[in-house]
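Protein chains: 2
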Amino acid sequence: MVEYLGRVMIGAPEGDIRDKFRRSGYTLTSQRRAVLDALEEAGGHPSTEDVYLIVKRKNPRVALGTVYQALAVLEEIGIITSKHWAETPTRYDLNLRPHLDIRCTGCGAVSEVPGVALGDLGAEIQHNTPYEVHNTTLVVEGLCPTCQRG
Amino acid sequence: MVEYLGRVMIGAPEGDIRDKFRRSGYTLTSQRRAVLDALEEAGGHPSTEDVYLIVKRKNPRVALGTVYQALAVLEEIGIITSKHWAETPTRYDLNLRPHLDIRCTGCGAVSEVPGVALGDLGAEIQHNTPYEVHNTTLVVEGLCPTCQRG
DNA sequence: TCCAAAACAGGAATGGTTATTGGTCGAGTA
DNA sequence: TACTCGACCAATAACCATTCCTGTTTTGGA
Chain A
41 MVEYLGRVMI GAPEGDIRDK FRRSGYTLTS QRRAVLDALE EAGGHPSTED VYLIVKRKNP
101 RVALGTVYQA LAVLEEIGII TSKHWAETPT RYDLNLRPHL DIRCTGCGAV SEVPGVALGD
161 LGAEIQHNTP YEVHNTTLVV EGLCPTCQRG
Chain B
41 MVEYLGRVMI GAPEGDIRDK FRRSGYTLTS QRRAVLDALE EAGGHPSTED VYLIVKRKNP
101 RVALGTVYQA LAVLEEIGII TSKHWAETPT RYDLNLRPHL DIRCTGCGAV SEVPGVALGD
161 LGAEIQHNTP YEVHNTTLVV EGLCPTCQRG
C-alpha cells in the first residue's frame, strides 16, 4: 500500500478538508487524498486524465473510474471546482475563489484572467428571468501568446 | 424526392442565406435546406437530435451524420449559432443577435434572458490578458418556474 | 451530356464519462 | 476476537454525443 503524505497547499487548508469530509459523511480515503495531491502536483487546471496519470504513477492499481468518482466527491463537498469548455474534457481546480479562466484553442492551456469584475451580473440576470438562477459561468477562449506566434 | 418549400422567417432572410452559401463555396443542398426548415419548425434551441428527428419525418433517408455536418456548415457560414451547456448536447439557434440564454437543469428547457447588458466585458477581458480573446460566452443555468414547483 | 468535386447514407469507431458488479476494508458492537 | 454492515474500490461494460470512413449519389461547370 502506497502512502500519501503530501499536504494540499494551494487549495483548502488541511483542517477544512477534514471538516468537509466529516460533515459530508464521505471518507477521506487514500485514493481521494492521492487525487488531491495529484491536483496540487499538476497545478493549474488538469483534466481527469491528467489527474489519473499522476495518481497512477504512484499507485498503478487506481482505476480511471475511481478518479472520476473521487473528483465528483471532492467537487460535491466543495474542496475543488470544475470548469467545462465545449468540446474538451472537464478540468478541475483547487482554487475555490471565484475567478475567470481563459483557454487557448491552440494548445489547450488554461490561464487565469485577473482583474475582471463581473459585478452583480448574477443579480441582474436573476432580475430578468423567472428562472431560479443557480449558476452563471463565463467561458472565455482565445489564443495564448505562444500560439499567436506559431 | 421530398421538396422543401418552407422559408426561414425567424433567422436570416432567404437572400442572405443564398448569399452566404454562394460566398462560402458550399452548396445549398436539399438536406441543408431541410435542416434550416427543421430549425425553424423546432423553434427555440433544438439539439442535433431534435433537428434530425424533424428532418427524418419528411425524408427518412437523411443520416444523422449529415445533420451534424449541415449544422456545422450553417454555423461556419454564419446562418445559425450554437450554444453549449456542460454535460448536455450542443444546441442551435437561428437567432443571430447576441443574447443570453438560460437552461433549466430540471427539464432542459432553454429560454432567453432579456435585458441583460454585458457591456464591453470582452474588451475588459482582452485588456487583462495577453491572450488574443476570440470568444466569451456566458453560460447560465437554473430552475424554470415549472420545475421550481415540481 | 460528361466529369470531377462535393455531398450524402449508412454504419463503425472514438472519447469522455457513468453504471454495474463483485469484492475489500474498517468502524462499531457483542 | 468474531461479526455485521455499509462505504469504498477496481475492473469492465455500457452509454452517448460526435466524428470518421467507405462506397454511392448529386451537383455545378466545361
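Line order of the protein sequences matches chains A and B. So the first sequence is numbered by the working numbering: it starts at 41 and just counts up by one. So the second sequence is numbered by the working numbering: it starts at 41 and just counts up by one. Where is the CB? At the ideal position from N, CA and C, for every residue including glycine.
Min CB distance Glu181/B to chain A below 8 Å: One-based indexing of the second sequence puts residue 181/B at position 141. Taking Cβ atoms only, chain A reaches closer than 8 Å to Glu181/B, which makes this a yes.
Determine, for Gln188/B, whether the minimum Cβ-Cβ distance to residues of chain A falls below 8 Å. As a first step, residue 188/B must be located in the second sequence, where it is residue number 148. Yes, Gln188/B counts as interfacial toward chain A.
Measuring only the C-alpha atoms, how far is Cys187/A from Gln188/B? Residue 187/A sits at position 147 when you count from the first residue of the first sequence. Residue 188/B sits at position 148 when you count from the first residue of the second sequence. Their Cα atoms are separated by approximately 45 Å.
Return the chain-ordered ranges of every beta strand (DSSP E) run that is complete within the segment 78 to 150 of chain B and spans a minimum of 3 residues. 121 to 123, 131 to 133, 140 to 144
Taking the C-alpha atoms as reference points, what is the distance between His174/A and Ile142/B? Taking the first sequence and counting its residues from 1, one reaches residue 174/A at position 134. Taking the second sequence and counting its residues from 1, one reaches residue 142/B at position 102. Going by the C-alpha atoms only, they are around 10 Å apart.
Which value, in whole angstroms, describes the spacing of the CA atoms of Ala40/A and Val75/B? Here chain A covers residues 41 to 190 and nothing more, so residue 40/A does not appear.
How big is the Cα-Cα spacing for Arg63/B and Pro138/A? The count along the second sequence starts at 1 and reaches residue 63/B at position 23. The count along the first sequence starts at 1 and reaches residue 138/A at position 98. Distance between the alpha carbons of Arg63/B and Pro138/A: 43 Å.
What does DSSP give as the partner residues of Asn175/B in its beta bridges? Taking the second sequence and counting its residues from 1, the one referred to as residue 175/B is at position 135. Answer is Glu181/A.
Rounded straight-line distance, which links the Cα of Ala157/A to that of Ala103/A: Taking the first sequence and counting its residues from 1, the one referred to as residue 103/A is at position 63. Taking the first sequence and counting its residues from 1, the one referred to as residue 157/A is at position 117. The straight-line gap from Cα to Cα measures roughly 40 Å.
Please list the residues of the segment 75 to 96 of chain A that have a C-beta atom closer than 8 Å to any C-beta atom in chain B, keeping them in chain order. none
Residue burial classification, Gly182/B (beta-carbon count within 10 angstroms, cutoff 16): Stepping through the second sequence from its first residue, residue 182/B is reached at position 142. Gly182/B is buried by the Cβ-count criterion.
Is Thr130/B closer than 8 Å to Thr88/B when the C-beta atoms are compared? Walking along the second sequence from the start, residue 88/B turns up at place 48. Walking along the second sequence from the start, residue 130/B turns up at place 90. Yes, the Cβ-Cβ distance between Thr88/B and Thr130/B is below 8 Å.
Where Val156/A sits in the DSSP three-state scheme: Position 116 of the first sequence, counting from 1, holds the residue named residue 156/A. Three-state DSSP puts Val156/A in coil, outside helix and strand.
Where Leu178/A falls, given that 16 or more other Cβ within 10 Å makes a residue buried: Stepping through the first sequence from its first residue, residue 178/A is reached at position 138. So Leu178/A counts as buried.
Here's the rule I'm using: 16 or more other beta-carbon atoms within 10 Å means buried, otherwise exposed. How should Glu116/A be labelled? Start at 1 with the first residue of the first sequence, and residue 116/A comes out as number 76. Its Cβ having fewer than 16 others within 10 Å, Glu116/A is exposed.
Mapping the DSSP letters down to three states, classify Thr186/B as helix, strand or coil. Translated into the one-based positions of the second sequence, residue 186/B becomes position 146. Thr186/B falls in the helix class under three-state DSSP.
Could you confirm whether any beta carbon from chain B is found closer than 8 Å to the beta carbon of Thr106/A? Position 66 of the first sequence, counted from the first residue, corresponds to residue 106/A. Output row for Thr106/A: interface = no.
Once you ignore the five residues that flank Ala126/B on each side, which residues in its own chain have a CB closer than 8 Å to its CB? Stepping through the second sequence from its first residue, residue 126/B is reached at position 86. Within the same chain, Ala126/B has close Cβ partners Val179.
Based on Cα-Cα distance, which residue from Pro154/A, Thr169/A, Ala149/A, Gly105/A lies nearest to Ser151/B? Your numbering for residue 151/B matches position 111 in the second sequence. Residue Thr169/A is the option with its Cα nearest to Ser151/B.
Nearest candidate by alpha-carbon position, reference Arg72/B, set Gly159/B, Tyr108/B, Gly84/B: For this step, residue 72/B is matched to residue 32 along the second sequence. Nearest of Gly159/B, Tyr108/B, Gly84/B to Arg72/B, Cα basis: Tyr108/B.
Kindly indicate the opening and closing residues of the alpha helix (DSSP H) around Gly162/A. Position 122 of the first sequence, counting from 1, holds the residue named residue 162/A. From DSSP, the alpha helix (DSSP H) with Gly162/A extends over 161 to 167.
Return the Cβ separation of Ala110/B and Ile94/B in integer angstroms, given the expectation that the two are a contact with Cβ distance under 8 Å. The residue given as residue 110/B occupies position 70 in the second sequence. The residue given as residue 94/B occupies position 54 in the second sequence. Not a contact, Cβ separation roughly 13 Å.
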